[in-house]
Structure formats: structure tokens, C-alpha cells
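Reading through the C-alpha cells given below for one structure.
Numbering (the working numbering), first residue to last: 126 to 188.
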């Protein structure tokens, strides 16, 4: 149960950064800013997912 709580907290922590990045991507008309925003949003969710996998001891061999 503790692992589930910590995993959800990790995803919630990564959410604001992803939302800000998506907002920048949406508002900005500069192509490089749009690309940066998209990459930052996906990186935030990817980091959160890796954290959940690590906590649930599924194992992430390359870490």
C-alpha cells in the first residue's frame, strides 16, 4: 500500500511540470519552444513512471 501511495505522489509531483510545459507549447508560436515543451512534458511523465516501477520493485535494469 505504501508503494502505491508513493507512486501516486511521484506522478502528482511530475504533473505540474508537464502541465506548464504543455501550456508553454500551446501558447508559444515559436517552433523550438513547442518542441521543448513537448519533450519536457513527456520527460516528466516518463520520470514519474520510472519512479513508480522502481518503487513497485518491477525493476529497471538500466538504472
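Idealized CB from N, CA, C, for every residue including glycine.
Taking the C-alpha atoms as reference points, what is the distance between residue i and residue j?
i: residue 176; j: residue 166; result: 16 Å
i: residue 152; j: residue 178; result: 33 Å
i: residue 171; j: residue 164; result: 10 Å
i: residue 157; j: residue 137; result: 27 Å
i: residue 161; j: residue 173; result: 18 Å
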